[in-house]
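*Asks:* For the sequence shown, our numbering begins at 2 and goes up steadily by one.
The C-beta atom is built at its ideal place from N, Cα and C for all residues, glycine as well.
This is the structure I have questions about; it appears just below.
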Amino acid sequence: MSIILEVRDLTKNFGSFQAVSGVSLKVEKGELTSLIGPNGAGKTTFYNMLSGKFPPSSGQILFEGRDITGLPPHRVARIGIGRSF
């Protein structure tokens with residue numbers, strides 16, 4: 002299968018607080034993947050970076066091989082990544 006989403010060493014800092022530290026993962030097309038962890042583990046911050054709400058402090062996000070790191074939410078949504086509440 003082909004990799005549809007790849008995250009490389011993704012980090013997000015808020016001042017001196019590191020909410021997400023060096024996350025890397027690959028998701029293949031058709032694969033079901035979940036992100037689990039306790040409150041305060043950085044799950045929402047991770048999804049906010051994927052969806053473009055927060056720019057990462059460092060690292061890279063690739064969707065279908067295209068670098069989408071730091072794109073604004075409307076551009077990320079246009080390529081097929083979004084959030085619902």
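Suppose contacts are defined by Cβ-Cβ distances below 7 Å. Is Lys-27 in contact with Ile-4 by that definition?
*Replies:* Contact flag set, yes.
*Asks:* Can you tell me whether Met-2 is buried or exposed? The criterion is at least 16 other CB atoms within 10 Å of its CB, across all chains shown.
*Replies:* exposed
*Asks:* For Lys-13, is the classification buried or exposed, using 16 other Cβ atoms within 10 angstroms of its Cβ as the cut-off for buried?
*Replies:* So Lys-13 ends up on the buried side.
*Asks:* Using the Cβ count rule (16 or more neighbours within 10 Å means buried), how would you classify Gly-53?
*Replies:* buried
*Asks:* What are the start and end residues of the beta strand (DSSP E) that includes Phe-15?
*Replies:* 4-15
*Asks:* Nearest to Arg-9 by CA position, among Val-21, Ser-17, Gly-16 and Phe-15, is which residue?
*Replies:* Closest option to Arg-9, judged by alpha-carbon separation, among Val-21, Ser-17, Gly-16 and Phe-15: Val-21.
*Asks:* Strictly by DSSP, which residues pair up with Val-21?
*Replies:* Lys-13
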